[in-house]
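Residue numbers (the numbering used here): 102 to 396. Report on the following structure.
Structural data, given as structure tokens:
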């Protein structure tokens, strides 16, 4: 092909590519213009305004009681060592807040997983059998309102150690919401689903795996979500009483030293960790059920 023809063809290709790139850029810009206000407002602006409101209230209260309570800038400056070096080790009892948080998370996850392994089968049993429901429901209703801290002396008497006692309290705390929600989910499976499985002559175990379990998964995950939130709430109080290594004991120890700056840091870390745990359960539910949670 002659050189002029090659140049003309190359020029046409370049013009077409530039036009296509311009069209895509314009379309992307128009889409971003439409979505940017919503994204900026809902995902960035509103949460920032909420946090600023909390900080403003904290600052106002600290201004009237400055002898005891630090202002937000003072708390940040006082906790710079914890913030910048969360995983330091300076002795047997001098650990960074990151290690304390991991110790608490370990106890919570062990107790929570053990509770889920027990609670989900019991919930299935109650939801599928009226006799089991009549036998177990009074037991659940009696023990469910009992404060988690009331179980701590019993667990200490059984295990005689702080760590397994804390895990036991988390275990017993994690049972009730998961049992109740699992039983509700199993009992709420549409009868049409069960009738179709009976027409297909499914074995009982296959009916449970293929029909009942998928239909009740949203209820099960709701129970797990509540149980994990309660477990994380309880571990702080348990560690305050049992001592040792953990974020709860850190709160009590810093309060004993009248160091409210570190207490505020611990409150922020506890709340942020609880948020991440809840988000993790939500993401797991989305992966398992293939449905996005509304909350």
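C-beta atoms are modelled at their ideal positions from N, C-alpha and C, and glycine is treated no differently.
- Leaving aside the five residues that flank residue 226 on each side, the residues in its chain whose CB is nearer than 7 Å to its CB run, in chain order, 233.
- Residue ranges of uninterrupted alpha helix (DSSP H) with 4 or more members, entirely inside the segment 181-254 and ordered along the chain, are 181-185, 198-229, 231-244.
- Taking a 10 Å sphere around the C-beta of residue 343, we find 16 or more other C-beta atoms and assign the residue as buried.
- When C-beta atoms of the segment 371-379 are compared with those of the segment 319-336, three or more pairs fall below 8 Å, so the two segments count as touching.
- Proximity to residue 231 across 173, 288, 262 peaks at 288, based on C-alpha coordinates.
- In this structure, residue 324 sits near residue 278, with a CB-CB distance shorter than 7 Å.
- Rounded to the nearest whole angstrom, the C-alpha separation of residue 341 and residue 267 is 11 Å.
- Rounded to whole angstroms, the gap between the alpha carbons of residue 306 and residue 283 is 17 Å.
- If you ignore the 5 residues before and after residue 294, its C-beta comes within less than 7 Å of the C-beta of 312, 316, all in its own chain and listed in chain order.
- Inter-residue distance for residue 146 and residue 358 is about 37 Å (C-alpha atoms, whole angstroms).
- From the listed residues 148, 190, 205, 274, the smallest Cα separation to residue 244 is found for 274.
- The residue among 302, 299, 260, 386 with its C-alpha nearest the C-alpha of residue 319 is 386.
- Judged by DSSP in its simplified three-state form, residue 145 adopts helix.
- Following the DSSP letters along the chain, one finds residue 374 inside the alpha helix (DSSP H) bounded by residues 361-390.
- Approximately 7 Å separates the beta-carbon atoms of residue 361 and residue 169; this is inside 8 Å, confirming the contact.
- When DSSP states are grouped into helix, strand and coil, residue 347 belongs to the coil group.
- Exclusion of the five residues before and after residue 205 leaves 336, 340, 347, 348, 349 as the residues of its chain whose Cβ lies within less than 7 Å of its Cβ.
- With 16 or more other Cβ atoms from the protein chains shown falling within 10 Å of its own Cβ, residue 280 counts as buried.
- Take the alpha-carbon of residue 155 and the one of residue 165: they are about 16 Å apart.
- Following the DSSP letters along the chain, one finds residue 281 inside the alpha helix (DSSP H) bounded by residues 263-288.
- Secondary structure note for residue 291: it is in no alpha helix (DSSP H), with a DSSP letter that is neither H nor E.
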